[in-house]
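Chemist:
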Amino acid sequence: MTATSPDSALIHSCKTTLREGQEAICARYREDHDSRRLLQRRCRLVDRVLSELWRELAFPPELTLVAVGGYGRGELYPASDIDLLLLLPSPPDMALQQSLERLIGLFWDIGLEVGHSVRTIDECLTEAAGDITVQTALIETRRICGDEALFSRFRAGLKERLDVIAFFRAKRLEQEERHQRYQETPYSLEPNCKESPGGLRDLQMILWIAQAAGYGAHWRDLKEHGFITANEERRLERCEGFLRRLRVQLHIDLGRRDDRVLFDYQSQLASHLGYEAASTRQASEALMKDYYRTAKNVTQLNAILLLNLAAALLPTPHLTPKPINARFRASGDLLDVVSESVFQETPSAILESFLLMQQHAELQGMTARTLRALWRAAADIDDDFRRDPGNHALFLQLFQQPRGLVHEFRRMNQLSVLGRYLPNFGRIVGQMQHDLFHVYTVDQHIMQVMRNLRRFTMHEFAHEYPVCSRLISDFERPWLLYVAALFHDIGKGRGGDHSELGAVDAREFCEQHQMNAADSELVVWIVRQHLVMSHVAQKQDTSDPETIARFAAIVGDERHLTALYLFTVADIRGTSPKVWNAWKGQLLEELFSATRKLLATGGEIPATQGIIEERQQEARRLLRYFALSETVHERLWKQLDTVYFLRHSADEIAWHTRALHYRTDKDQPVVKARLCAQGVGLEVMVYTTDQPDLFTRLVAFFGRAGYTILDAKIHTTRHGYALDSFVLQDLSGRGEDREMINYIEHELATRLVKQTPPEAPSGGRLSRQVKHFPFEPTVTIKPDEKGARYILFIGAADRPGLLYTVATTLAEHGAKLHTAKISTLGERIEDTFLVSGGSLGESAGRIRLETALIEQLRV
């Protein structure tokens, strides 16, 4: 529409009304923070503008302008579009068609994002008959202006034709499919406050069904029909209010429609919603904790209401309940209480209900009244309940059942029973720590660890965890590991060492529940030491017999070793899909095997020469498979020292020997690559005359080829050759490791021959976690056990080219690298290097290197 258009004055007037109205609405919201009123005020504002357009264009009185969907419901979010139905008594003639097109053009000219349809009543009802989305939108309609009688006929026709039972089934299936798209969890790190499980859509879905069935459009209507209690009505109002305010603020902050609570927005949202940082958590973490608790409540109320609505809309043939005991019965395949006062009369029945779910495989769930009664009864769990020996016995039995462990502990958590029985567990429900590698709330991570431990015992998962499955089958009382899982992170968010805090809680639990001394000791020990094995495997030199000896001294015996190994695998796998890989699995398994072997000999460290001889003998055995002479190894091995044979496995020694036995003193570089046996990526060996900046050039090349380095072993032979080996992982998911072997062998060898200067790896985007939850890098340098070299530890937020930055900084300070252990924990790295040279022997030199690295690593 141009400025000289006859509609220009109207457009200007409507634009002004909208702009000034929006500004006034936002100003009022900043004063009263009333999100419901903001939605209603925006609806009234848009109603007024649309009515003015309708009058100015002088539409025939028999037409009706109808608000649809959320706008029809009277809830118009700051950035939501406006859904309209132009309802006609009959198909439009040419003149009316032109008027309608003019109106639709004006909608956009004045700045409204409108979704519109032009239909007769018959067209609306025909379209709705085969489309659940259209049916849903038309259920929530409101007349803005025009013929009221036409609108009433439309509403009556929709009600008459709507198949309520089919609508209910379709909406329930739609919700299941939507939940699957969001991994069926409300505890996503970046949830969608509208669509995720536990979001606004779960509440809206219940009200759509209620309206379709004639039960009303508000929570008070459902209370009056007996579907919810007064307390549940208040909970629903609180949950809806929290989610509504969060979504309103999200739209205001962004100035556009986006319902994802991304890292990018969480800190600003928290500030605008009045959250403040505390000493142990960020303001955004407090906001997200409230979000997860709200989503948990919504999920539970949604389940209760769906069961109640199903019972009303889909009555089943009368089935005589089958008694289970004096307190419970089976109603079909659901556990039912004999009366809603069971938990008040027999409080121990709260825990008994979950135990019965484990013991009766035919039970697939709980009835709505059982869920409601449990949820209500959770508030009655007090100190007397927690001190009751009978309840202690029931709670321990939950860990010991052959089935249903994870399902029932998750159900107890969902119903707040677990957090009431263990108050310290209640404090970590919904707690998200932005530590760059956990992707679950603390309570959900604990449930994941319990699930992983349980899977070790199940035959159907034996192919995923062959070693763990074999070990746990011989482990006496594996249920103790589940108890340890429940407490291992319970100390998070309190400040201090969470392992020590958790150990204190675990000891108190074991004593209160009268567990025997040996079992109690094992549980408390696992909680206290649950991070030790991953630390040793990923950060220390496990080729050094003394490292194994120190770890063996910590575990003490094979039972503790096995328990810690099983727990460590379950814990890492329950942290984030990004954290676990086959390489870490191999490191842990090798540490476990070496330690078990040492413990079997009484903990006596074998002589270094004996270890080397054993490894060399195995390497010669492997070489015989390739029809090589008995002396094939001699030229290379005489150039290799004790450190080489201690740091490399027999398989690696044999591989290097095969590749190098006829060119140990030639200037031509040798590059060999092969697929890792663990399926983690590629293993690359580089053999060339030693030269400055070699490690930097190698790191740069691998980075530009799209690989990250998981492990590096840097060795210099007696006659001045570098023999370096790397384990590489492709993080891009290309799946082209085999195809890359020839490229790496040829291209890297060519670059080494030409002495091509190092090229920095191409930059990439920082993850949103790193960008919005900065992680202060840490660098420490300390002498190794023998005082000859230095251990450099780096903890930092991961980013493209990080290892190249480290390598160049080390080169600039004259530090020589001997080994590197690269540990990636989600978006965080914890790398350990063994270095020497430069000015590391002087404290001032170490401080200069630490300072330079920290400056380079700050994002």
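For the sequence shown, the numbering used here begins at 205 and goes up steadily by one. Backbone N, C-alpha and C define an ideal beta-carbon position, used for all residues, glycine too.
1) Measure the alpha-carbon distance for E566 versus A507 and round it to whole angstroms.
2) Output needed for L404: all residues of its chain with C-beta closer than 6 Å, excluding positions within five of it in sequence on either side, in chain order.
3) Under 8 Å, with one C-beta from each stretch per pair, do the region 474-488 and the region 296-309 reach the 3-pair mark?
4) Helix, strand or coil for Y925 per DSSP?
5) Count Cβ pairs between the region 519-526 and the region 572-588 that sit closer than 8 Å; are there 3 or more?
6) In this structure, how does DSSP classify K876 when only helix, strand and coil are distinguished?
7) Starting from K1025, follow the beta strand (DSSP E) in both directions and report where the run begins and ends.
8) Going by beta-carbon coordinates alone, are T345 and V272 separated by less than 7 Å?
9) With a CB to CB cut of under 7 Å and the five nearest residues on each side skipped, what residues in its chain are close to A879?
10) Just verifying my parser: in three-state terms, what is the DSSP assignment at T893?
11) Does DSSP put C397 in a helix, in a strand, or in coil?
12) What are the start and end residues of the alpha helix (DSSP H) that includes D540?
13) Pull up the distance between the alpha-carbon of Q648 and that of T484, whole angstroms please.
14) Among V653, Q618 and T984, whose alpha-carbon lies nearest the alpha-carbon of V731?
15) For L840, which option in D326, S966 and R867 has the closest C-alpha, if you only look at C-alpha atoms?
16) List in chain order: all unbroken alpha helix (DSSP H) runs of 4+ residues lying wholly within the region 603-642.
17) Which residue's Cα is closest to the Cα of G276: L242, A831, R347 and Q872?
18) Just the Cα atoms here: how many angstroms apart are P296 and P519?
19) Only counting the same chain, and skipping five residues up and downstream in sequence, which positions put a Cβ closer than 7 Å to that of E394?
20) Taking the DSSP output, what are the residues bridged to D934?
21) Can you list, in chain order, the residues of its chain with a C-beta nearer than 8 Å to that of K743? Leave out the 5 residues immediately preceding and following it.
22) Taking the beta strand (DSSP E) that P987 belongs to, which residues open and close that run?
23) Whose C-alpha, out of Q959, A360, L366 and P961, is nearest the C-alpha of Q339?
24) From the DSSP output, in three-state form, read off G402 for me.
25) Please state the DSSP three-state secondary structure of A707.
26) I think T772 touches S738, with their Cβ atoms under 8 Å apart; what is that distance to the nearest whole Å?
27) Could you give the uninterrupted runs of the alpha helix (DSSP H) lying entirely in the region 358-445, keeping only those of 4 residues or more?
28) Note down, in chain order, each residue of its chain lying with its Cβ closer than 6 Å to the Cβ of R655, except the 5 sequence neighbours on either side.
29) Please classify P551: is it buried, with 16 or more other beta-carbons within 10 angstroms of its beta-carbon, or exposed?
30) If we ignore side chains and look at the alpha-carbon of each, how far apart do F796 and T746 end up?
31) Only counting the same chain, and skipping five residues up and downstream in sequence, which positions put a Cβ closer than 7 Å to that of T920?
32) What is the rounded straight-line gap between the Cα of L844 and the Cα of I815?
33) Rounded to whole angstroms, what's the CA-CA distance from E279 to Q635? Just pull it up for me.
34) Taking the CB atoms as reference points, tell me whether L803 and A741 lie closer together than 7 Å.
35) Could you have a look at R460 and say whether DSSP puts it in helix, strand or coil?
36) D285: which of L257, G315 and E1054 sits nearest, CA to CA?
Modeler: Working from what's here:
1) 20 Å
2) K398 and L447
3) no
4) strand
5) no
6) strand
7) A1019 to K1025
8) yes
9) Contrary to the premise, residue 879 reads as Leu rather than Ala in this sequence. These residues qualify, in order along the chain: L886, D941 and R942.
10) strand
11) coil
12) No alpha helix (DSSP H) holds D540; the beta strand (DSSP E) holding it covers L538 to V541.
13) 20 Å
14) V653
15) R867
16) 609-618, 621-625 and 627-631
17) R347
18) 45 Å
19) R464, V465, L466 and F467
20) Y911
21) F997, K1025, S1027, E1034 and T1036
22) T982 to P987
23) L366
24) coil
25) helix
26) 5 Å
27) 368-385, 404-417 and 423-428
28) V610
29) buried
30) 11 Å
31) D894 and A926
32) 15 Å
33) 31 Å
34) no
35) coil
36) G315
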